[in-house]
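Undergrad: The structure under discussion is supplied below as structure tokens; questions concerning it will follow.
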Amino acid sequence: MKKQIITTADGSKTIHFPEWNESYHSKHGAIQEAQHVYIKSGLDFRCKRHQSSSLSVLEFGFGTGLNAYLTAIYAKENQVKITYHSVEKFPLSQQEISDFNFDKILKTKQIDFNKLHETEWESPLKINDSFQLKKILADFQSFTSKDKYDVIFFDAFGSRVQPELWVKPILQNCYDMLSKHGVWVTYSCKGSVRRDLEDIGFKVEKIAGPPGKREMLRAIKF
Ligand SMILES: C[S@@+](CC[C@H](N)C(=O)[O-])C[C@H]1O[C@@H](n2cnc3c(N)ncnc32)[C@H](O)[C@@H]1O
């Protein structure tokens, strides 16, 4: 499918699929969205709540690597040791990756963005003392793990274009892979997803969304 690189409202770039009218991130700001949904409402929420000095994160959709990059920066700045596993079925090419400008916008030299992309798939790599990354080449629909995670970033494309990924068996799999008090977050606020999460046993919160989006979902395992 045809892909375009677009610039979002905060100046950061992302990928857009014209045929789907769907992007990897919000056009209101890729960095702002990722920072709000995944870092502030997921990772930071879980860290502060349990005063964690180490934790594990599972991401559905490695994509541009932006969530991994922001997590690595968070880990370093907050002196938290983070193990980060990210599942992806359609890795981007080096050419596409070279178009992103997250490091220039964030003006940080703490983490080398390219290093996150250069790591081999399936091989865990210590990026620094606070961040270890493993990228897993797999389909969300069949991926499962015996590892338990403290936070899950659920960053699939929207249910309008990929309804098969926002279904109860996949959400149940997320629940099973979370540790006690684990936190699941997504940008979506879809009613059927909220109801499925509640049926599975999560405590679900509708919280303020990122720019351009009124609400998003956060679910906690008890
Ligand atoms: C919304 S984008 C994720 C953006 C990403 N988190 C980032 O920071 O750039 C959705 C991602 O899910 C991946 N994806 C779509 N369907 C998938 C599937 N069935 N299994 C695994 N990955 C899938 C896409 O290739 C894309 O990278």
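What the sequence shown shows, in the working numbering, is residues 51 to 272, in sequence order.
The beta-carbon is built from N, C-alpha and C at its ideal position, and this holds for glycine as well.
All of these numbers come straight from a predicted model, not from anything done at the bench.
Between Leu-108 and His-135, which are expected to be in contact by the criterion C-beta below 8 Å, what is the C-beta distance as a whole number of angstroms?
TA: Confirmed, Cβ separation roughly 5 Å.
Undergrad: Using the three-state DSSP reduction, which class does Leu-93 fall into: helix, strand or coil?
TA: The answer is helix: DSSP assigns Leu-93 an H, G or I state.
Undergrad: Tell me which residues share the same chain as Asn-117 and place their Cβ nearer than 7 Å to its Cβ, disregarding the 5 neighbours each side in the sequence.
TA: If we look at Asn-117 and ignore the five residues flanking it on each side, its Cβ neighbours are Ala-84, Tyr-88, Glu-109, Phe-203, Asp-205.
Undergrad: Can you name, in chain order, every residue of its own chain whose Cβ lies under 6 Å from the Cβ of Lys-184, other than the five neighbours on each side?
TA: Closer than 6 Å at the Cβ level, and outside the excluded window around Lys-184, lie His-135, Pro-174.
Undergrad: Assign Val-211 to buried or exposed, taking buried as 16 or more other Cβ atoms, counted over all protein chains shown, within 10 Å of its Cβ.
TA: Val-211 comes out exposed.
Undergrad: Ligand 1 and Gly-111: does the residue's C-beta get closer than 7 Å to at least one heavy atom of that ligand?
TA: Gly-111: yes, Cβ under 7 Å from ligand 1.
Undergrad: Can you list the beta strand (DSSP E) stretches of 3 or more residues lying completely in the region 230-265, in chain order?
TA: The qualifying runs are 253-258.
Undergrad: Which residues mark the beginning and the end of the beta strand (DSSP E) in which Leu-187 is found?
TA: From DSSP, the beta strand (DSSP E) with Leu-187 extends over 181-187.
Undergrad: Smallest Cα separation from Glu-265: which of Met-51, Ile-257, Pro-68?
TA: If we check each option's Cα against that of Glu-265, Ile-257 comes out closest.
Undergrad: DSSP puts Ser-106 in a beta bridge; with which residues?
TA: In the DSSP output, where bridge partners are listed per residue, Ser-106 has Thr-133.
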